[in-house]
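Q: Before anything else, here's the structure in question.
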Amino acid sequence: QGSKAQGEGVCCGQAVLFAVRAGMAPAAQPQDFIKGWPHPELLQTEQLKAALLNSFQKGLEKSHQYLNYGDKANGAYMLGHPDFRQALASFLQKQYNLPVEAKNLMSTAGASMGTDMACRVHCKPGDIAIVEEPTYYLSFTMIKDRGMSLLGVPMQEDGMDIDAVEKLLEKHSGKIKMVYTVPVHHNPTGYTMSDAKRERLVALARKHNFVICADEAYQLLNFEPVNVKPMFYYDDPADPKVLSVGTFSKLIGPGVKVGWVQAHEPLLKPLAGLGWVDSGNNPVIFSSCNLIDFLETGGMNAHLENVSKDLGARCALICKKLREVGLEVVQPKGGYFVWVKSKGKMTGRSGECMSVNKDQFHDWMRLCFCWLTEAQLVEGIEYLRQ
């Protein structure tokens, strides 16, 4: 029976192949690899919903604080509610296996808010920011909104080209006030910056007096052990230059809109002096405090484990399929994207917008493997077969 089944399988496979070649089977269709979104199934597991419901109910028990501007003992919650900042510190300390203090954390509405605040507070119109090429292209808008200009440096397999950074610092002496980097599971390349480059970049920041905005949205989204610590831990508290920007958007879901900035106090406290924070207070007091129980009782750990396993499998699947159709890919160890050079057909987001002057990477594709079903991932990559 086994031989018969194998024979039938071969015949069936040959028939399908013949049908495809003969034009009888529908051709593979392009799929939506553009969206950097998690697939809906990740957001509706019973474990996640039960843990969040319990956490929300716990949060309402202190509604007299969590729905207010502040309290008598703590004053206004400008950097975030002390309960959440402490819960976040304890959670991150276990994740990083490094000390995390609440005084070095500010709650935000996500990584974009953290990046925007860093630009507004620590830079001024006319300043220059250095970015990687390619990089997260929407960072360009946030930096330009501050009235700053952009200079790009190449991306290498161990992180941004620090030699190129140093040359620009010497050429534009005193004018470069920020380096924006995605140092872990880089968007779009998937690369992670080496320890040596991190140390050298922070040393250059002290020498040339600029801040480093480290967009670490994917720091905790690992498919295998990476053993790289946030940029904050390379900084000198006596002369701080680093703002490590984190978020739960890629871990819980983007709709939760809670993130953080980790920095030493001379860089962190001025963020609360922005006009809209000074007037309206921290924007995520209630939403962040509703996550405290989720962080403290293991709900977040369980969900993160599920997300990492699920997305790691999807990453492996898309990389396997890309190689099958003749494309070269460096398989990321975390994050949301793969970065692939086209051999003709294009899909996903073109890399052209990911360079400062849109003059590079026109034949490169950023493909998100998190939004589509597995069947859609396979069909979308099959479409690229030449």
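The sequence shown begins at 3 in my numbering and counts up one residue at a time. We treat Cβ as the ideally placed atom computed from N, Cα and C, and that holds for glycine. Since the model is a prediction, treat every value here as computed from it, not as a measurement.
Go ahead and label Val-247 buried or exposed: buried means 16 or more other beta carbons lie within 10 angstroms of its beta carbon, across all protein chains shown.
A: When all chains shown are included, Val-247 counts as buried.
Q: Please state whether the Cβ-Cβ distance between Pro-285 and Gln-264 is less than 8 angstroms.
A: The answer is no: Cβ separation not under 8 angstroms.
Q: Need the endpoints of the alpha helix (DSSP H) that Met-119 sits in, please.
A: From DSSP, the alpha helix (DSSP H) with Met-119 extends over 113–124.
Q: Looking only at its chain, what residues have a beta carbon closer than 6 angstroms to the beta carbon of Leu-270, apart from the 5 residues adjacent to it on each side?
A: For Leu-270, where only same-chain residues beyond five positions count, the Cβ hits under 6 angstroms are Met-108.
Q: Three-state secondary structure (DSSP) at Met-150?
A: Coil, per DSSP.
Q: Quick check on Gln-333: does DSSP put it in helix, strand or coil?
A: DSSP places Gln-333 in coil when its eight states are reduced to three.
Q: Excluding the five sequence neighbours on either side, which residues of its own chain have a C-beta within less than 7 angstroms of the C-beta of Phe-250, listed in chain order?
A: Same-chain partners within the cutoff: Val-258, Val-260 and Gly-261.
Q: Near Phe-142, which residues of its chain fall below 8 angstroms by C-beta distance, leaving aside the five closest residues on each side in sequence?
A: Hits under 8 angstroms: Val-133, Leu-152 and Val-358.
Q: What are the boundary residues of the alpha helix (DSSP H) that includes Val-228?
A: First-last for Val-228: undefined, no H or E at that position.
Q: Measuring alpha carbon to alpha carbon, tell me which of Glu-226, Ser-290 and Tyr-182 ends up nearest Val-244.
A: Comparing Cα-Cα distances from Val-244 to each of Glu-226, Ser-290 and Tyr-182, the minimum goes to Tyr-182.
Q: On the three-state DSSP scale, how would you describe Arg-368?
A: Strand.
Q: What does Tyr-182 pair with, by DSSP beta-bridge criteria?
A: Answer by DSSP bridge pairing, in chain order: Val-133 and Cys-215.
Q: With distances taken Cα to Cα, identify the nearest neighbour of Lys-173 among His-210, Gly-161 and Gln-158.
A: The shortest Cα separation from Lys-173 among His-210, Gly-161 and Gln-158 belongs to His-210.
Q: Do you know how far the Cα of Asn-189 is from the Cα of Glu-1?
A: Because residue 1 is not part of the residues shown, which for the chain are 3 to 388, the question remains open.
Q: In this structure, what does DSSP give as the bridge partners for Ser-109?
A: In DSSP, Ser-109 forms a bridge with Trp-262.
Q: Going by other Cβ atoms of all chains shown within 10 Å of its Cβ, with 16 needed for buried, is Cys-370 buried or exposed?
A: When all chains shown are included, Cys-370 counts as buried.
Q: Assign Pro-42 to one of two classes, buried (16 or more other C-beta atoms within 10 Å of its C-beta) or exposed (fewer than that).
A: Exposed.
Q: By Cβ distance, which residues of its chain are closer than 7 angstroms to Ile-1, with the 5 residues on each side in sequence left out?
A: Look at the range of the chain in this structure, 3 to 388, and you will see that residue 1 is not part of it.
Q: Taking C-beta to C-beta, are Pro-185 and Thr-194 nearer than 8 angstroms?
A: Yes, the Cβ-Cβ distance between Pro-185 and Thr-194 is below 8 angstroms.
Q: Thinking C-alpha only, which one of Thr-117, Val-102, Gln-46 and Ala-29 is nearest Leu-273?
A: Among Thr-117, Val-102, Gln-46 and Ala-29, the Cα nearest to that of Leu-273 is on Thr-117.
Q: Does the segment 47–63 come close enough to the segment 297–314 to have 3 or more Cβ pairs within less than 8 angstroms?
A: Output reads yes: the segment 297–314 touches the segment 47–63.
Q: From what residue to what residue does the beta strand (DSSP E) around Lys-343 run?
A: It spans 339–343 - the beta strand (DSSP E) in which Lys-343 sits, taken as one unbroken run.
Q: So, using beta-carbon positions, are Ala-120 and Ile-294 closer together than 8 angstroms?
A: Against a cut-off of 8 angstroms, the Cβ pair of Ile-294 and Ala-120 comes out as no contact.
Q: Take the Cβ of Tyr-68 as the centre, count every other Cβ of all protein chains shown within 10 Å, and call the residue buried at 16 or more, exposed below.
A: Classification for Tyr-68: buried.
Q: Does the Cβ of Arg-325 have 16 or more other Cβ atoms within 10 Å, making it buried, or fewer, making it exposed?
A: Exposed, by the Cβ-count rule.
Q: Under the assumption that Gln-368 contacts Gly-353 (Cβ atoms under 8 angstroms), give the Cβ distance between them as a whole number of angstroms.
A: The residue asked about is misnamed: residue 368 is Arg in this sequence, not Gln. Correct: roughly 6 angstroms between the Cβ atoms.
Q: Flag this pair as yes or no: are the beta carbons of His-266 and Asn-76 separated by less than 8 angstroms?
A: Not closer than 8 angstroms, so no.
Q: Considering Leu-245, what are the terminal residues of the beta strand (DSSP E) in which it resides?
A: Here the beta strand (DSSP E) through Leu-245 covers 244–249.
Q: Please say whether Arg-316 and Leu-222 have beta carbons closer to each other than 8 angstroms?
A: No, the Cβ-Cβ distance between Leu-222 and Arg-316 is not below 8 angstroms.
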